[in-house]
Amino acid sequence: MKSVSAKVPGFGLRLKKARIEAGLTQQKIADSIGVTSRHYQKYESGDVEPPLNTLVSLSIILGVTTDYLLGLSDEVSSGE
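Take a look at the structure:
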């Protein structure tokens, strides 16, 4: 069986926007999630998508929902 990989359109742009709005550097987020800054840059450029556990960590760090990062919602936060 072939592996199917579907890129999430706009993920990198939403991630970058959320990072900038949170006032964080790429290095700070990379350190927080345990990857190199170069690897994190690949998330923002759309070259690589993070695994689920990293996606959840990113949403917590940035104060946005995973739905927002995945483009499933334009609502940035859950309102909690």
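Residue numbers (the numbering used here): 19 to 98.
Where a beta carbon is used, it is the ideal one built from N, C-alpha and C, also for glycine.
* Is Gly64 helix, strand or coil by DSSP? -> coil
* Proximity winner among Asp92, Ser95 and Leu87, relative to Arg64 (alpha-carbon distances) -> Correcting the residue identity first, residue 64 is Gly in this sequence and not Arg. Looking at the Cα atoms, Leu87 is the closest of the given residues.
* Among Ile51, Ile78 and Lys60, the one whose alpha carbon lies nearest that of Leu31 -> Lys60
* On the three-state DSSP scale, how would you describe Asp85? -> helix
* Range covered by the alpha helix (DSSP H) that runs through Lys35 -> Phe29 to Ala40
* On a CA-only basis, which of Ser55, Asp92 and Ala36 is nearest Leu80? Give me that one, please. => Ala36
* Endpoints, the alpha helix (DSSP H) within which Leu70 is located -> Leu70 to Leu80
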